[in-house]
Amino acid sequence: MRVIAGRLGGRQLLAPKGWKVRPTPERVREAIFSALGDISGMTVADLYCGTGALGIEAISRGAGSAVMVDRDTRPAMGNVHNLGLIGEVELVRGEAPEWVGRAEAGRFDLIFIDPPYREATEVAAALDAGLGRILAPGGRVITECDARRHLELPSLEAVRERRYGRTVVTFHRVPSPSEPPSEPA
């Protein structure tokens with residue numbers, strides 16, 4: 004597994020054997036970041052970060068900073084240290100829903116959510132109310148889940164959805180009060 008593009012493109016990401024992590028495959032990361040376009044200077048949150056692959060890819064492609072949250076941050080910590088990203092990444096060991104409840108309002112331009120697939124339903128319910136509060140104006144939430152267990156966020160509008168094998172990636176935003184809801188593309 005490697006960083007795909009940007010200043011760290013080609014550098015290895017470690018996913019130690021025996022750790023309970025499921026890194027986002029390179030093909031899926033490439034599709035996500037191609038759809039996002041220029042993310043220069045953005046502030047990113049990577050919830051359920053695992054190895055930190057999504058947050059690290061964002062930093063490599065120009066994001067200004069990233070907060071990575073997980074119950075066990077050791078896999079991400081190894082990659083952050085190995086790639087020299089200590090000054091650009093904040094690691095938070097804890098439960099993502101509690102962190103969202105404490106996070107600064109309007110701070111994040113991008114929030115990645117990639118929980119253990121078996122927990123998607125519970126995670127969505129616990130996170131949904133707080134995500135819109137911590138998104139900056141125009142911010143987006145990108146979720147990754149198993150096609151059999153969708154991660155539903157009713158407070159946000161799904162604007163794009165793609166399937167990669169059994170993985171579903173959905174792009175969300177805070178709905179505008181003046182716009183009718185759109186169907187995921």
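If you want our numbering, it's the 1-based position in the sequence shown plus 3.
Built from N, CA and C at the ideal position, the CB exists for glycine as well.
Quantities reported herein were computed from a predicted structural model and do not represent experimental measurements.
Judged by DSSP secondary structure, Ala-34 falls within the alpha helix (DSSP H) whose first and last residues are 29-39. Each residue's CA atom was taken as its position, placing Ala-34 and Val-126 some 24 Å apart. In the three-state scheme derived from DSSP, where H, G and I count as helix and E and B as strand, Met-80 is classed as helix. Within the segment 118-169, complete beta strand (DSSP E) segments of at least 3 residues are found at 138-149, 160-167, given in chain order. Apart from the 5 residues on each side of it in sequence, Asn-82 sits with its Cβ closer than 7 Å to the Cβ of Leu-16, Leu-17, Thr-54, Gly-55, Ile-59 in its chain, given in chain order. Between Glu-93 and Val-72, the gap from beta carbon to beta carbon reaches 7 Å or more. For Leu-113, the secondary structure class from DSSP, reduced to helix, strand or coil, is strand. Exclusion of the five residues before and after Ala-66 leaves Ile-42, Met-45, Val-47 as the residues of its chain whose Cβ lies within less than 6 Å of its Cβ.
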